[in-house]
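Engineer:
In the working numbering, the protein residues as written are 7 to 118.
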């Protein structure tokens, strides 16, 4: 018995890959626009995505397995604590040791 092959097939283009999303954001008496953009490698893996001004970079190995993803706020969720309050980083600071507090949930980046 002879077994041949084992190599991965050549990458195919992703004709249905989503390059950009535009959405209307409504908040307390104002309407704004938000855009999200996406880039892909030759195998169709997402290389980067920008959502609400935050860019996430993704690194893939030769087997198309995710190796690393940076995530400055993308995909994060609010931490809800006592009495339905959210964990909030004071003034949106990002440095180690920044003070945290419990505040009413408002879906802002300091709460993600």
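Heads up, the beta-carbon is just placed ideally off N, CA and C, and yes, glycines get one too.
1) By how many angstroms is the C-alpha of residue 24 removed from the C-alpha of residue 52?
2) Under 8 angstroms between the Cβ atoms of residue 56 and residue 43?
3) Is it true that the CB of residue 40 sits closer than 8 angstroms to the CB of residue 3?
4) Where DSSP assigns a beta bridge to residue 55, which residues make up the other side?
5) Assign residue 112 to one of three DSSP states: helix, strand, or coil.
6) Helix, strand or coil for residue 38? Go by DSSP, reduced to three states.
7) Grouping DSSP H, G and I as helix and E and B as strand, with all else coil, what is residue 104?
8) For residue 104 and residue 92, I'd like the C-alpha separation in whole angstroms.
9) In its own chain, which residues sit with a C-beta less than 8 angstroms from the C-beta of residue 26, not counting the 5 before and 5 after it?
Structural biologist: To lay it out plainly:
1) Residue 52 and residue 24: Cα-Cα distance of roughly 10 angstroms.
2) In contact: residue 56 and residue 43 (Cβ atoms closer than 8 angstroms).
3) Not covered by the structure: residue 3. The range shown for the chain is 7 to 118.
4) 44, 62, per the DSSP bridge assignment.
5) In this structure, DSSP gives residue 112 a state outside helix and strand, which the three-state scheme calls coil.
6) Shown here, residue 38 sits in a strand according to DSSP, grouped into three states.
7) Three-state DSSP puts residue 104 in coil, outside helix and strand.
8) So the alpha carbons of these two residues sit roughly 16 angstroms apart.
9) The beta carbon of residue 26 is closer than 8 angstroms to those of 41, 42, 43, 44 in its chain, skipping five residues each way along the sequence.
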